[in-house]
Amino acid sequence: MPSFEVQVPENRSFVYRLFKLETSVGREVKNDLVLDDPRVSRHHAVIRQTPEGWFVRDLESGNGTSVNLQRLRPHIDTRLADGDAIRLGNCVLTFRAAETTEFGGTSSFRQVVQKTPSDLLVSSAVPESSNSPEAPAAVYRQALLKKERILRLFYELGEKLGSIFSLAEIYDQVFEILFEVTPCARGFIYRKNDQGEYEEVAARRRAEGEAGQPLPISQTVFEKVTRERVSVLLQDAQQAEQSLAPESILVNRISSVMAAPILGRRGLLGIIYADRQDVLETFSGDDLDLLNAVAVQTGIAIDTVVSHDRLQREAQARANLERFLSRQVVDQIMRAPHQIKLGGVRQIVTALFADVRNFTALSERSKPEIVVALLNRYFTRLSEIIFRHGGTLDKYIGDGVLALFGAPYVGEMDAVKAVRAAVDMQRSMAEFNRELVAEKLPEIEIGIGVNTGSAIVGYIGSENRLDYTAIGDTINTASRLESAARAGQIVISENTAQALDESFIIVPIRTTKLPGKNISLRISEVIWRQER
């Protein structure tokens, strides 16, 4: 079966088998071959098989597609030859026209190609002796009954695996069909981890004590399956050549072995391995056909579970991020999660502090339940305004809010966005207070301070608990400006004032020395009650 050797960024690679007449390639998860590379378009290219061979076509991708360093014209088919290197963004797909299918050695070590469920229907389950006219009808009847049982179990397996989102349940279903239909005495399932190593994730024995002490599996068979991605059957291990029947099989009197690769969208996921000691009942070609078909379904089921888990984690991560960041910023982070690292970078930000005035008196006059409800409504309003203007919600501090503009991504209009957000906050509080008065609840007034300057921005904390925040004198100064603001007032620094356009009404207040500062600062007020 033709395939691609796929090399993706960060020196990762896998093999993708071309099992369809047309294979879509791109960054979008709905593609057959998904490439997680920002330089790859959502729908980048398509690979097609025709009677003349295999062809690649670029779909007007943003960064283009090349074959052997020759850029392709969009929507023009280019024929592929064995060894051709297709480059899409930072990914390279090396085309392999076919895989080696010859073994050498003895027929006891038998290879069977991947089969689809429909192929299983036409696979012969009737022994060779049935070709003789003397073969009794019972032979046919027994074979047909076996075929019916296999098809029924396989249909049930497909239905169950399609609705299961637990890997452990998938493994149990695989063993159920193997132990019911084949003479399997021991079964093992191995999964490939992130380090490329194979770990045993499930195992079952037909009966306690049947095979004595736990026996090692055949590493020769294991390596053959994982290296060449083929299914193998060792029907008479004790009579096979030494190169095919290693010492572990001979010493432990294992009579029959079969194994199949579990293949997924991103290559080899693992292996299903089964063996038996009883020389009177060995695995047949039909057993390997069944194992192969089960492995195909298992790969599909594992892909489904992994995709489901990944989508759930992404949804949870997005929900967590959207509590603090605007959706545009969350989208950028989700596209490149590897960029999230412990530490920070120095950049220009505009910090906005907003704080409730006379909150202590408000708390003393009202019941705790009322205060909590008011704060939740107040924080909801301010958070929505911050996100609407492209800001990042750094944290809630008691009854106050710290928002950052220009973090994590710096823009030319960060100061303008911050002050516009401050104006909307004050106007929103005026509207909010009208609602509170109608509900006979205490009013809330806030003071706001805004400052622009350099700060260290990034993920601060430990490897287990990170907070996205900003640190530096710029943040401290914004806090001091907020403390200097009266109820309903927006106080900004000179740095912020110089970054604003003419749409704002700015009134200089004074030059003052803020608490904790050694130098005097020129501060101004933004007039927001007048129509502009």
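1019 is the number of the first residue of the sequence shown in this note's numbering; add one for each residue after it.
Heads up, the beta-carbon is just placed ideally off N, CA and C, and yes, glycines get one too.
Asked	Found
For residue 1327, is the classification buried or exposed, using 16 other Cβ atoms within 10 angstroms of its Cβ as the cut-off for buried?	exposed
Going by beta-carbon coordinates alone, are residue 1193 and residue 1112 separated by less than 9 Å?	no
Could you give the residue range of the alpha helix (DSSP H) that holds residue 1217?	Premise fails: residue 1217 lies in the beta strand (DSSP E), 1216–1223, not in any alpha helix (DSSP H).
Let me know the secondary structure DSSP gives residue 1303 once reduced to three states.	helix
So the candidates are 1109, 1070 and 1068; which of them puts its Cα closest to the Cα of residue 1552?	In this structure the chain extends from 1019 to 1550, so residue 1552 is not present and cannot be described.
Let me know if residue 1332 comes out buried or exposed under the rule of 16 or more other beta-carbons within 10 Å of its beta-carbon.	exposed
Between which residues of its own chain and residue 1465 is the CB-CB distance below 7 Å, once the five residues before and five after are set aside?	1373, 1375, 1500, 1503, 1504, 1505 and 1507
Tell me residue 1204's beta-bridge partners as DSSP assigns them.	1223 and 1293
Give the secondary structure of residue 1432 by DSSP, where H, G and I count as helix, E and B as strand, and everything else as coil.	helix
Rounded to whole angstroms, what's the CA-CA distance from residue 1570 to residue 1241? Just pull it up for me.	Here the chain has residues from 1019 to 1550 only, and residue 1570 is not among them.
Which residue wins for smallest C-alpha separation from residue 1075, given the options 1107, 1046 and 1040?	1040
Please work out which residues of its chain come closer than 6 Å, Cβ to Cβ, to residue 1531, disregarding the five sequence neighbours upstream and downstream, and give them in chain order.	1538
Whose C-alpha, out of 1048, 1095 and 1449, is nearest the C-alpha of residue 1066?	1095
Assuming residue 1417 is part of the beta strand (DSSP E), what are its boundary residues?	That residue, residue 1417, is in no beta strand (DSSP E); it is neither H nor E in DSSP.
Give me the residue from 1370, 1381 and 1431 with the minimum Cα distance to residue 1403.	1370
Return the bridge partner residues of residue 1210 from the DSSP annotation.	1216
Counting beta carbon pairs with one atom in the stretch 1450–1457 and one in the stretch 1428–1441, are three or more of them shorter than 8 Å?	no
Going straight from the alpha carbon of residue 1261 to that of residue 1036, what length do you get?	For residue 1261, the pLDDT reaches just 45, beneath the cut-off of 50, and the residue's location in the model is therefore unreliable, although a value from the coordinates is still provided. Cα to Cα, the separation comes out at about 31 Å.
For residue 1400, tell me which candidate among 1462, 1203, 1054 and 1514 has the shortest Cα-Cα distance.	1462
What would DSSP say about residue 1129, mapped onto helix, strand or coil?	Only weak support is given to the placement of residue 1129: the predicted model assigns it a pLDDT of 43, under 50, and the question is left unresolved by the model.
Can you give the Cα-Cα distance for residue 1030 and residue 1285, rounded to whole angstroms?	12 Å
Residues in the same chain with beta-carbon distance under 8 Å from residue 1046, minus the five sequence neighbours each way, listed in chain order, please.	1052, 1060 and 1061
Residue range of the alpha helix (DSSP H) that residue 1386 falls in?	1386–1406
Using the Cα positions of residue 1203 and residue 1214, report the straight-line distance between them to the nearest angstrom.	28 Å
Just the C-alpha distance for residue 1308 and residue 1068, rounded to the nearest angstrom, thanks.	30 Å
Within its chain, find whatever has a CB closer than 6 Å to the CB of residue 1540; leave out the 5 residues flanking it on each side and keep chain order.	1512 and 1529
Check for me: the beta strand (DSSP E) holding residue 1277 runs from which residue to which?	1274–1282
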